[in-house]
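Asks:
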Amino acid sequence: MSQEAFFSALELLFSWPTIGWMVLGLLAGILIGAIPGLGPNLGMAVVLPLTVPLDGADAIILLISIYSGTMYGGSIAAILINTPGTAAAAATTLDGYPMTRQGRAMDALSISATASAIGGSFAMVTILLLTPFLTIIVLLFTSPEYFLIALFGIALITVVARGSMVKGITAGAFGLLLSTIGFPVAAGAPRYTFDLLILTDGLSFVAVLIGIFAVGEMIKLAGEEGSIADEEVTLEGSVFEGARDVLRSPVTTIKSGYIGMLIGAIPGSGASISNFISYAEAVRSKSGDVEFGSGNYLGVIASEASNNGTVGGSLIPTFSFGIPGSGATAILLGGLLMHGLRPGPSMFTENLDVTYSVFVALLVGNLIIITVGLLIITRAMYITMINSDYLIPVVIALATLGSFGVRGSWLDVYTVLIFGVLGFFMMKYNYSIIAFVLGIVLGPIAEENLIRSLQLSDGSLLIFVNEPLPLLLTLMTLAVVASPLVSAIRSYLRDYREG
Amino acid sequence: MLGSIHSLKERVTPETGLLVIFLVTATYMFVESFVFAREVALFPRFAAFVTMIGAALLLARNYLPERLREAVADSSGVFDHYAAEDTDGDDDAVEMGMGTAADEDMQTKKQVILVGLIVVYGILGYLIGLVWATPIFILAFAVVFKLPLVMTLLLPILGLLIAIAFNLILPTDIGAGVLL
């Protein structure tokens, strides 16, 4: 069955217009990623409602290609003007920009394109090989397991949320709370609708995501400089040398790709973390031998290979359980649901060809990245000179107009605008957006499966511990929830002993 | 008197407003959950309770005992020493040109103005339809943010074309408002 689905996926991907959407997505992603202040979340959020007329597979491939393209695109500004186009390229500035200062800008851009392609490709090949095993695991999950994995995803907020844990939990709980508006899964009266028909279906989490990641980001961008690059940067160096540097460093490249893949699979993390972890690992593994932070090509390789690996890794929890690995995959999840593709067993059974086509699209996309990346190197500078002030009103308009494409409802328009403003203030005061997104996305999954599980067990909670898999998930969730508390208690006892 | 007004201004920030929104919303939803059947009341009640506690702790953090205040404000995420959260904006871009308090004030002012424009856009869209509200919003943005004349003329036209395109593609009529 896997083989058939795989070949069916190849046929799907290499047919028109699917291949066209993939290339368009990659090119758009590279452009979006290269402009500081934009990024994958915004690009995907704005495009999402525009995918309504498309076929499901085409829409998902377009969205994932944008995501993949931005991972490389973010490195362009990072290398040329010391300003990462996306948070996923932040570590690239540490050695990429010094390379530019040393007259090796083209080397650095070439390294970025090559490392992105190779790191991402290795991650995708691994995921493709693991898919049959992933299928077996996913098919073991029933309602109790789905409830527990959703709970685990929500519990991860306490670990993953950056800054104050209390802020992260509050944001996550607020997201969970908002997801309860509307008609509950179990039959009964609608909740919190004020008897308005328009609220019966609840808030669209897609509209919330568009609001936060498009409008909210534009409000944030409005407070920054209009155009990042004031003048042209002279592009010197060698494209060939850069590519050769990557090929001479297979261990760093492949290892970084896998680090990205593994980090990407953790809900709530993302490429902004993986690029630093990968960079730190490269520094650690070469400590004493070479210096980092002053133009070491290994630093660029580590960062760029990992962020493309993250894209593939983040698809694992998204496709398997509907748990987004990042903001971008939360938007991708919205795309899946909008096109009638439900994460979980169906993505590995009747829709396995769609799943494979997305994975193969990422693999093929990495090859396109290296081709396009190496070709546009000499023109890359101009992208960073685009004045983002021109983009702000257009993006807000696109997001607002596009929100109508979600359900054709004015509620979604106001959801976009309200959560754009709310999301901006949450970001400004360090309330974890990812925690909020996890809450609003996972809430319905968790509640639906909780109610089903309790119906199956006649109300008994033992259903969550009476089999090995649910017991394991329960223990994992408890461990995640307890770990910050244990940490705090240990810290308190240590201070007490010392004090 | 002036001292207490100044102190109030320092303490009541937009974050306070955000927390009040969380607290009020959660309190309402918590109370309302007692009207629902038991099965469907569990989740919202739990989520509302956690939100209420979190928001209350954060609102009152300056009045908490030191240890508790540290625990509430503490950065304790596993990935805390790595980069900022995976959102698209990048703080390095801010650091490039913005270093003074005056610059930060200007930043905030621009953001507040944009929030105001967005609110007006929403209201205008409801009144006259988004097809007309969109170019007006973009024109207002271009004027207020002092974009070059060419862009001030071109961007609203682009906005109008985009809005017309959406009106043609989408099944809903976004050109009609309450007044038009």
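Taken in order, these protein sequences are the chains called A and B.
When we follow the numbering used here, the leftmost residue of the first sequence carries the number 105, and every step to the right adds one.
When we follow the numbering used here, the leftmost residue of the second sequence carries the number 19, and every step to the right adds one.
Even glycine gets a Cβ: it sits at the ideal position worked out from N, Cα and C.
Since the structure is predicted, the reported quantities are computational estimates derived from the model, not experimental observations.
#1: Tell me the DSSP secondary structure of Asp109 of chain B in three-state form.
#2: Indicate whether at least one CB of chain A lies closer than 8 angstroms to the CB of Gly177 of chain B.
#3: Just to confirm before moving on: does the CB-CB distance between Val520 of chain A and Ala311 of chain A stay below 8 angstroms?
#4: Quick one: what does DSSP say Ser220 of chain A is sitting in, helix, strand or coil?
#5: Using the rule of at least 16 other Cβ atoms within 10 Å of the residue's Cβ for burial, across every protein chain shown, is Val525 of chain A buried or exposed?
#6: In or out: His99 of chain B buried (at least 16 other Cβ within 10 Å) or exposed?
#7: Can you check whether the CB of Ile500 of chain A is closer than 8 angstroms to the CB of Ile136 of chain B?
#8: In this structure, does DSSP put Gly286 of chain A in helix, strand or coil?
#9: Whole angstroms are fine: how far does the CA of Asn470 of chain A sit from the CA of Ala219 of chain A?
#10: By the criterion of Cβ-Cβ separation under 7 angstroms, what are the contact partners of Val30 of chain B in chain A?
#11: For Tyr494 of chain A, decide whether its Cβ has a neighbour in chain B, counting only Cβ atoms nearer than 8 angstroms.
#12: By the 10 Å Cβ neighbour count, where 16 or more other Cβ atoms means buried, how is Arg594 of chain A classified, buried or exposed?
#13: For Phe111 of chain A, count the other beta carbons within 10 Å of its own beta carbon; 16 or more makes it buried, fewer makes it exposed. Which is it?
#14: Considering Met365 of chain A, what are the terminal residues of the alpha helix (DSSP H) in which it resides?
#15: Considering just the uninterrupted stretch of the alpha helix (DSSP H) at Thr519 of chain A, what are its terminal residues?
#16: Does any residue of chain B have a CB that is nearer than 8 angstroms to the CB of Ile183 of chain A?
#17: Nearest-angstrom Cα distance between Leu178 of chain B and Asp199 of chain A?
#18: Confirm, please, whether the CB-CB distance from Gly223 of chain A to Gly361 of chain A is below 8 angstroms.
#19: Look at the alpha carbon of Ser225 of chain A and the alpha carbon of Met210 of chain A, and state the distance between them as a whole number of angstroms.
#20: At a Cβ threshold of 8 angstroms, is Phe40 of chain B touching chain A?
#21: Can you tell which of B:Leu77, B:Pro166 and B:Val58 has the C-alpha that lies nearest to the C-alpha of Gly286 of chain A?
#22: Hey, out of A:Ser507, A:Phe317 and A:Met126, whose CA is closest to Leu146 of chain A's CA?
#23: Are the stretch 582 to 602 of chain A and the stretch 482 to 492 of chain A in contact at 8 angstroms, needing three or more beta carbon pairs?
#24: So, Ile164 of chain A versus Leu440 of chain A, is the Cβ gap smaller than 8 angstroms?
#25: Alpha carbon to alpha carbon, how far is Thr422 of chain A from Pro354 of chain A? Give it in angstroms, no decimals.
#26: Do the stretch 450 to 462 of chain A and the stretch 114 to 128 of chain A make contact, defined as three or more Cβ pairs closer than 8 angstroms?
#27: Am I right that Ile537 of chain A and Gly527 of chain A are in contact with their C-beta atoms under 8 angstroms? What's the rounded C-beta distance?
#28: Thinking just about the alpha-carbon of each residue, which of A:Gln107, A:Gly364, A:Met322 and A:Thr230 is nearest to the one in Ser430 of chain A?
#29: Is the separation between the beta-carbon of Leu213 of chain A and that of Ile481 of chain A shorter than 8 angstroms?
#30: For Val90 of chain B, which residues in chain A fall below 8 angstroms Cβ to Cβ?
#31: Can you find a C-beta in chain B that's less than 8 angstroms from the C-beta of Val525 of chain A?
#32: Is Ala288 of chain A close to chain B? Criterion is C-beta to C-beta, closer than 8 angstroms.
#33: Would you mind reading off the limits of the alpha helix (DSSP H) that contains Ala192 of chain A?
#34: Taking the continuous alpha helix (DSSP H) assigned at Pro174 of chain B, which residues delimit it?
#35: Which residues of the stretch 67 to 92 of chain B have a Cβ closer than 7 angstroms to any Cβ of chain A? Give them in chain order.
#36: Would you check if there are 3 or more beta carbon pairs closer than 8 angstroms linking the stretch 560 to 577 of chain A to the stretch 386 to 397 of chain A?
Replies: Put simply:
#1: Note on Asp109 of chain B: pLDDT 43, under 50, position unreliable in the model; the coordinate value appears next. Reduced to three states, the DSSP call for Asp109 of chain B is helix.
#2: yes
#3: yes
#4: helix
#5: buried
#6: Confidence in His99 of chain B is poor, its pLDDT being 49 and thus under 50, which makes the residue's placement too unreliable to answer from.
#7: yes
#8: strand
#9: 10 angstroms
#10: Chain A residues near Val30 of chain B: none, gap ~13 angstroms exceeds 7 angstroms.
#11: yes
#12: exposed
#13: exposed
#14: Pro354 to Gly368
#15: Trp514 to Lys532
#16: no
#17: 44 angstroms
#18: yes
#19: 22 angstroms
#20: yes
#21: B:Val58
#22: A:Phe317
#23: no
#24: yes
#25: 29 angstroms
#26: yes
#27: 7 angstroms
#28: A:Gly364
#29: yes
#30: Ser268 and Val270
#31: yes
#32: The residue you asked about is not Ala; residue 288 of chain A is Pro in the sequence shown. Closer than 8 angstroms: yes.
#33: Unbroken run through Ala192 of chain A: none, as it is neither H nor E.
#34: Leu167 to Ile187
#35: Val68, Thr69, Gly72, Ala73, Leu75, Leu76, Ala89, Val90, Ala91 and Asp92
#36: no
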